[in-house]
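I have placed the structure first, in the form of structure tokens, so that the comments after it can refer back to it.
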Amino acid sequence: MAVVVNPGLDRSGEELNQAMVNVVSLSGECTTSSLGPKTCIAAAVSQLSCYTCDPTNCKTYIKQNCPSGLDSCLSATATVLDNKITLKACASKEVCDMAQSPFPGLTVENVKCCQTNLCNGAESFTQSFLLMFIPLLSSLLFL
1 MAVVVNPGLD
11 RSGEELNQAM
21 VNVVSLSGEC
31 TTSSLGPKTC
41 IAAAVSQLSC
51 YTCDPTNCKT
61 YIKQNCPSGL
71 DSCLSATATV
81 LDNKITLKAC
91 ASKEVCDMAQ
101 SPFPGLTVEN
111 VKCCQTNLCN
121 GAESFTQSFL
131 LMFIPLLSSL
141 LFL
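When the letters of the sequence shown are read in order and numbered with the UniProt record's numbering, they come out as residues 1 to 143.
Structure representation (structure tokens):
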């Protein structure tokens with residue numbers, strides 16, 4: 001648990017003689033015992049989690065707690081010297097924006113950046129199901 005004491009402020013920003021205590025549990029829930037206006041710091045305490053994987057063989061995902069300052073999960077496919085690699089990692093907003101820009105000698109495709117826990121995982125069930133279903137359907141049509 002973290003306990004944070006914040007001085008109360010009036011509407012003009014002047015400090016009051018009141019104080020507020022926020023208690024944040026490890027689950028990110030916030031309860032407030034307050035003599036002043038209610039605010040909650042749970043969002044500041046929570047940490048983003050993203051998937052990472054081996055770029056040359058991204059078959060197994062590993063959950064990673066992102067370091068401070070990395071506020072997005074990145075997922076992309078890059079081609080470097082005719083080698084295709086898959087990128088899954090924690091990233092800053094700046095890195096996500098740069099990944100969308102062209103680089104000489106590097107092709108980056110399917111760039112997705114998101115800000116919720118584990119949002120850079122596997123593609124949705126619908127997409128994978130369609131990829132399996134189309135060959136099955138075409139084989140049935142040619143029987």
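Glycine residues also receive a C-beta, built at the ideal position from the N, C-alpha and C atoms. From a predicted model like this one, the values you see are computed outputs, not experimental measurements.
Per-residue DSSP class, three states only, for residue i
i	result
residue 53	coil
residue 114	strand
Own chain residues within Cβ distance below 7 Å of residue i, not counting five before or after
i	result
residue 69	92
residue 60	53
residue 56	85
residue 108	76, 78, 99
residue 80	106
Opposing strand residues paired with residue i [DSSP bridges]
i	result
residue 80	83, 106
residue 89	74
Other residues of its chain near residue i: CB distance less than 8 Å, five sequence neighbours each side excluded
i	result
residue 111	74, 75, 76, 96, 99, 100
residue 104	none
N-terminal and C-terminal residue of the beta strand (DSSP E) that residue i is part of
i	result
residue 209	Residue coverage of the chain in this structure runs from 1 to 143, which leaves residue 209 outside it and unanswerable.
Opening and closing residue of the alpha helix (DSSP H) in which residue i lies
i	result
residue 99	93-99
Beta-carbon proximity list for residue i, same chain, < 6 Å, skipping 5 on both sides
i	result
residue 115	72
residue 58	86
residue 27	Note on residue 27: pLDDT 37, under 50, position unreliable in the model; the coordinate value appears next. Cβ neighbours of residue 27 beyond the five flanking positions: none.
residue 82	none
Rounded distance between the beta-carbons of residue j and residue i, thought under 8 Å
i	j	result
residue 90	residue 48	7 Å
residue 88	residue 120	5 Å
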